[in-house]
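Engineer:
Numbering (my numbering), first residue to last: 48 to 467.
Given below as structure tokens:
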């Protein structure tokens with residue numbers, strides 16, 4: 048019987064996971080991995096500041112799927128097949144131990160992404176995955192029961208094809224896939240930071256306010272967590288999560304909107320006012336600039352005072368009523384005018400891609416064409432930061448490999464019957 052071929056398009060996490068697992072399960076399958084650039088696993092290499100945050104210690108499916116602004120229902124089925132616990136076991140079985148950090152993110156104990164990259168490359172070498180670099184796929188066409196994949200360098204015919212090429216920023220870049228009959232959810236950026244041009248807050252570059260509540264004005268979009276001030280605006284977990292959940296809405300506003308920041312989210316306006324009035328009585332002789340009662344970074348507290356028109360040398364007992372009210376407003380509901388976005392390092396993700404109703408989450412196979420599979424960010428699935436996007440890559444890549452193995456084994460069984 049002629050040897051079957053699987054072509055995997057994309058040398059990232061999802062593509063590699065599909066390729067190495069399919070090759071391991073099917074020793075007689077020819078597996079070819081095509082990557083358009085000269086680099087493999089580039090996001091894996093730079094993720095987590097070079098440490099690789101490859102999953103999250105979230106083992107309850109109902110909680111886990113809530114970490115994905117797009118794809119929650121789809122992933123409820125997918126995670127039944129391959130979960131974060133399975134990811135941990137898969138790497139552990141290959142000598143890669145992971146550790147959990149306080150916030151649930153998981154990294155290799157080596158704190159080095161090369162550990163993950165080397166593991167995947169070893170698997171590819173061990174099971175004979177053929178890797179073709181600098182090959183950009185130009186078209187994919189169905190010819191009978193097989194796929195004809197034309198690249199910038201060659202043409203390959205395969206029984207199975209898995210598309211794991213990541214997301215694209217523009218609709219037009221999906222044309223080689225829409226030609227198969229699939230449709231695309233328009234791509235928009237996710238996981239980005241907010242630009243605050245001309246705002247004095249930018250002078251506090253490097254300051255982190257550990258507990259902040261951010262709300263997109265005029266919406267129900269709200270997040271709470273650490274905020275990092277940069278030389279162009281604000282970043283950090285709360286901002287990135289907000290950008291993910293609001294990706295489509297914010298794109299519709301051309302990334303011009305207002306954020307309401309509560310720098311002391313344990314208080315609302317009334318409770319904060321009551322606290323400050325009590326504090327003024329208790330610390331009457333102390334100067335406002337010497338120490339703040341909210342454990343905010345000192346540079347940030349001084350910025351709040353300036354923004355409120357308050358002299359740091361003013362004693363609490365001498366704080367005028369108008370300045371007190373401005374102080375309360377700036378602490379509890381500071382309005383920040385966002386004008387534009389900035390890509391957040393390696394965490395950049397595209398929201399959009401192949402419409403999920405066109406893909407079976409139990410097999411990752413196209414509902415339009417048999418033996419065409421999708422894995423990773425090419426699907427309209429994206430998560431917040433914390434290892435969730437990599438988990439989707441491992442899950443979808445693994446499911447695709449399982450489905451290909453099951454399909455090929457059925458074909459082999461058919462071929463075993465000989466007519467006399």
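Virtual Cβ for every residue (Gly too), placed ideally from N, Cα, C.
Alpha carbons only, please: which of 265, 280, 255 is nearest the one belonging to residue 272?
Structural biologist: Among 265, 280, 255, the Cα nearest to that of residue 272 is on 255.
Engineer: Per the DSSP calculation, residue 384 is bridged to which residue(s)?
Structural biologist: In DSSP, residue 384 forms a bridge with 305.
Engineer: Quick check on residue 85 - is its C-beta less than 8 Å from some C-beta in chain D?
Structural biologist: Of the chains in the structure shown, none is chain D; there is only one protein chain.
Engineer: Among residues of its own chain, excluding the 5 on either side of residue 476, which ones have a beta-carbon nearer than 7 Å to its beta-carbon?
Structural biologist: There is simply no residue 476 to check, as the chain begins at 48 and stops at 467 in what is shown.
Engineer: Pair every Cβ in the stretch 369 to 377 with every Cβ in the stretch 207 to 216, then say whether three or more of these pairs are closer than 8 Å.
Structural biologist: Flag = no, the stretch 369 to 377 and the stretch 207 to 216 do not touch.
Engineer: I'd like to know if the stretch 448 to 455 and the stretch 139 to 156 are in contact, where contact means that at least 3 CB-CB pairs between them fall below 8 Å.
Structural biologist: Touching, no.
Engineer: For residue 58, which option in 335, 356, 395, 425 has the closest C-alpha, if you only look at C-alpha atoms?
Structural biologist: Comparing Cα positions, the closest option is 425.
Engineer: Since residue 357 sits in a beta bridge, which residues does DSSP pair it with?
Structural biologist: Per DSSP, none; premise fails for residue 357.
Engineer: So, helix, strand or coil for residue 415, using DSSP?
Structural biologist: Here residue 415 sits in coil by DSSP.
Engineer: Identify, in the order they occur along the chain, each residue of the same chain with its Cβ nearer than 6 Å to the Cβ of residue 121, setting aside the five sequence neighbours on each side.
Structural biologist: Excluding sequence neighbours, residue 121 sits near 403, 408.
Engineer: Taking only the alpha-carbon atoms, compute the straight-line gap between residue 237 and residue 356 and give it to the nearest angstrom.
Structural biologist: Answer to the nearest angstrom: the Cα atoms are 36 Å apart.
Engineer: Using the C-alpha atoms, what's the distance from residue 429 back to residue 436?
Structural biologist: Those two C-alpha atoms are separated by around 6 Å.
Engineer: Cβ of residue 153 within 8 Å of Cβ of residue 434?
Structural biologist: Against a cut-off of 8 Å, the Cβ pair of residue 434 and residue 153 comes out as a contact.
Engineer: Only counting the same chain, and skipping five residues up and downstream in sequence, which positions put a Cβ closer than 6 Å to that of residue 431?
Structural biologist: Once the five neighbours on either side are set aside, the close Cβ partners of residue 431 are 114, 288, 291.
Engineer: Measure the Cβ-Cβ separation of residue 73 and residue 62 and say whether it is below 8 Å.
Structural biologist: Not a contact, by the Cβ cut-off of 8 Å.
Engineer: Determine the closest residue to residue 262 out of 352, 65, 379, with distance taken between C-alpha atoms.
Structural biologist: Among 352, 65, 379, the Cα nearest to that of residue 262 belongs to 379.
Engineer: Taking the beta carbon of residue 464 as the centre, do at least 16 other beta carbons fall within 10 Å, making it buried, or is it exposed?
Structural biologist: At residue 464 the pLDDT is 40, less than 50, meaning the model places this residue with poor confidence and gives no usable figure here.
Engineer: Could you check where the alpha helix (DSSP H) with residue 165 kicks off and where it finishes?
Structural biologist: Here the alpha helix (DSSP H) through residue 165 covers 160 to 173.
Engineer: Can you tell me whether residue 106 is buried or exposed? The criterion is at least 16 other CB atoms within 10 Å of its CB, across all chains shown.
Structural biologist: Exposed, because fewer than 16 other Cβ atoms sit within 10 Å of the Cβ of residue 106.
Engineer: Checking 8 Å against the spacing of the C-beta atoms, do residue 66 and residue 78 come in under that value?
Structural biologist: Going by C-beta atoms, residue 66 is nearer than 8 Å to residue 78.
Engineer: Suppose you measure from the CA of residue 134 to the CA of residue 353; what does that come to, to the nearest Å?
Structural biologist: Going by the C-alpha atoms only, they are around 50 Å apart.
Engineer: Quick check on DSSP: helix, strand or coil for residue 16?
Structural biologist: Because the chain in this structure spans residues 48 to 467, residue 16 falls outside the shown range and cannot be described.
Engineer: Quick check on this structure: which residue in 304, 202, 130 has the alpha carbon closest to the alpha carbon of residue 109?
Structural biologist: Answer by Cα proximity: 130.
Engineer: Assuming residue 70 and residue 213 form a contact by the criterion Cβ under 8 Å, report the distance between their Cβ atoms to the nearest whole angstrom.
Structural biologist: So it is not a contact: roughly 21 Å between Cβ atoms.
Engineer: Compare the Cα-Cα distances from residue 350 to each of 327, 246, 185 and report the closest residue.
Structural biologist: Residue 246 is the option with its Cα nearest to residue 350.
Engineer: Unbroken alpha helix (DSSP H) runs of length 4 or more, entirely within the stretch 253 to 337: which are they?
Structural biologist: Counting only runs of 4 or more, we get 284 to 292, 294 to 299, 316 to 329.
Engineer: Looking at C-alpha atoms only, which residue of 54, 76, 68, 55 is the closest neighbour of residue 456?
Structural biologist: Residue 76 is the option with its Cα nearest to residue 456.
Engineer: What does the alpha-carbon distance come out to for the pair residue 306 and residue 298?
Structural biologist: Distance between the alpha carbons of residue 306 and residue 298 is about 15 Å.
Engineer: For residue 400, which of helix, strand or coil comes out of DSSP?
Structural biologist: Correct three-state label for residue 400: strand.
Engineer: Could you give the distance in angstroms between the alpha-carbon of residue 283 and the alpha-carbon of residue 274?
Structural biologist: Whole-angstrom Cα-Cα distance: 5 Å.
Engineer: Where does residue 202 sit, in a helix, a strand or coil, going by DSSP?
Structural biologist: The answer is strand: DSSP assigns residue 202 an E or B state.
Engineer: Using a Cβ-Cβ cutoff of less than 7 Å, which residues in the same chain neighbour residue 251 once the five nearest sequence positions on both sides are dropped?
Structural biologist: Only 276, 346, 347, 350 meet the Cβ criterion.
Engineer: Buried or exposed for residue 285, please, with buried defined as at least 16 other CB atoms from any protein chain shown within 10 angstroms of its CB.
Structural biologist: The residue is buried, with at least 16 neighbouring Cβ atoms inside 10 Å.
Engineer: Starting from residue 234, trace the beta strand (DSSP E) in both directions and tell me its first and last residue.
Structural biologist: Start and end: 231 to 237.
Engineer: Can you tell me the Cα-Cα spacing of residue 327 and residue 377, whole angstroms?
Structural biologist: Their Cα atoms are separated by approximately 18 Å.
Engineer: As a quick exercise: from 301, 322, 446, 420, pick the residue whose alpha carbon is nearest that of residue 53.
Structural biologist: When each option's Cα is compared against that of residue 53, the closest is 420.
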